[in-house]
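Engineer: If you read the sequence shown in this note's numbering, its first letter stands for residue 4, the second for the next number, and so on.
Glycine residues also receive a C-beta, built at the ideal position from the N, C-alpha and C atoms.
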Amino acid sequence: MTSLLTSRPIRWLYTLFLFTKSDIKTTVIPITFFAAAAAPQPVPAYILHSAFWIWLHVLQFDVSNQTLKPEEDEYNKRDRPLPSKRMTLEQAVVLRWALVPMCWLWSAWYSVEAFYASVALVALTVTYNECTTHAGHWLLRNCVNAAGFASFEVGATLVATADNRTLDRVAILSVCISAGIFATTIQTQDFKDVHGDAMVGRRTLPIIYPSTARYTVLVGLSSWSMLLAHVWILAWDARIILFSLSTFISYRFMTYKDVSQDQISFYWYNVWLSLAHALPGYYRYVSAPIVSA
């Protein structure tokens, strides 16, 4: 295995993977679920295209983010390419800006609309990273995060559907709901990073209001679970699963407060998020046919 990873092409691919490793579970997988469920006419092969489209844009974001303050990763994320010396900072900066036209060209191959989503993602990446929104007020940070995820979802859903140019009412509503979820619950990812964030002066909600922030998880997940159950017309068994999971996650965040437990709680949050992202598909193939019958 070691000799395989030292061959130049494989080493470079593995280095690119390391930039995005922590976001596979938080972004690539949940948004792929979302695209498959929200697409008006999903095509199995296109869903794989969509997953790669998401990963490529995650790479663009992560390389940008990790080149801004590489010393932060020296503390708590030493396996990333810069602290592990797999790539120099100069090489990473070149890669960061080379990825922008690559993302645009790849998106334009599908449709003009997918290209627009890519342009929006790049613009929001610059706003969040280079314009230091990530280090500003937590509310603005949450809103920019939500807009970024909405751009991810629009582009990924366009790529996943048979007609890469349009989204229907269900898909658009799905994006709007998802953006609201991210805007109000994205702080779940910040609990596990409080030490590194505090070291670089980042003002996240768990740092400013450590106790209150944990209650926002309870309020956010409970409220969104109720709204999702209503909007997507869930059967009682599906409602019980959704509510039970949100209650379990809220309990974990409010009870287990060390960093290692916050990491586990965040994993569970992403399970709930993936389930929430799959609900438009539940509506399309289960609820809507029953209602219209």
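1) Where do the N-terminal and C-terminal ends of the alpha helix (DSSP H) with residue 25 fall, by residue?
2) Taking 8 Å as the cut-off, decide whether the C-beta atoms of residue 120 and residue 154 are in contact.
3) Please determine whether the Cβ atom of residue 69 lies at a distance below 7 Å from any heavy atom of the ligand MN.
4) Throw me the rounded Cβ distance for the residue 45 and residue 174 pair, which I believe falls under 8 Å.
5) Can you list, in chain order, the residues of its chain whose CB lies under 7 Å from that of residue 7, leaving out five sequence neighbours each side?
6) For residue 45, name the three-state secondary structure that DSSP assigns.
7) If you check the beta carbons only, do residue 29 and residue 50 fall under 8 Å apart?
8) Residue 93 lies in the alpha helix (DSSP H); which residues open and close that run?
9) Can you look up residue 29 in the DSSP assignment and give me helix, strand or coil?
10) So which of 59, 190 and 89 has the shortest CA-CA distance to residue 219?
11) Can you give me the start and stop residues for the alpha helix (DSSP H) that residue 143 sits inside?
12) Nearest CA to the CA of residue 72: which residue from 115, 92, 87 and 61?
13) With a CB to CB cut of under 8 Å and the five nearest residues on each side skipped, what residues in its chain are close to residue 132?
14) Please return the same chain residues whose Cβ sits closer than 6 Å to the Cβ of residue 214, not counting the five positions on each side in sequence.
15) Given a threshold of 16 other Cβ atoms within 10 Å of its Cβ, counted over all protein chains shown, does residue 106 qualify as buried or as exposed?
16) Of the residues 39, 102 and 135, which one's Cα is nearest the Cα of residue 163?
17) Where residue 202 and residue 15 are concerned, what is the direct C-alpha to C-alpha distance, given to the nearest angstrom?
18) Which word fits residue 143, buried or exposed, when buried means at least 16 other C-beta atoms lie within 10 angstroms of its C-beta?
Structural biologist: Taking the definition as stated:
1) Per DSSP, residue 25 belongs to the alpha helix (DSSP H) from 11-26.
2) Yes. Within cutoff.
3) The ligand MN is absent from the structure shown, which contains no ligand whatsoever.
4) Wrong, their Cβ atoms sit about 10 Å apart, outside the cutoff.
5) Residue placement at residue 7 is flagged as unreliable, the pLDDT there being 40, under the threshold of 50; a coordinate-derived value is accordingly withheld.
6) Note: residue 45 maps to strand in three-state DSSP.
7) No, these two residues do not count as a Cβ contact at 8 Å.
8) Its alpha helix (DSSP H) spans residues 92-111.
9) Assignment of residue 29 by DSSP, reduced to helix, strand and coil, places it in the helix class.
10) With distances taken between CA atoms, residue 219 lies nearest to 190 out of 59, 190 and 89.
11) First-last of the alpha helix (DSSP H) with residue 143: 141-163.
12) Minimum Cα distance to residue 72 is reached at 92.
13) Non-local beta-carbon contacts of residue 132 in its own chain, meaning distances under 8 Å to residues more than five positions away in sequence, involve 64, 67, 68 and 71 in chain order.
14) Contacts found: none.
15) Of the residues assessed, residue 106 falls on the buried side of the cut-off, its CB having 16 or more other CB atoms within 10 angstroms.
16) Checked all of 39, 102 and 135; the closest Cα to residue 163 is 39.
17) Distance between the alpha carbons of residue 202 and residue 15: 30 Å.
18) By the neighbour-count rule (16 or more Cβ atoms within 10 Å), residue 143 is not buried but exposed.
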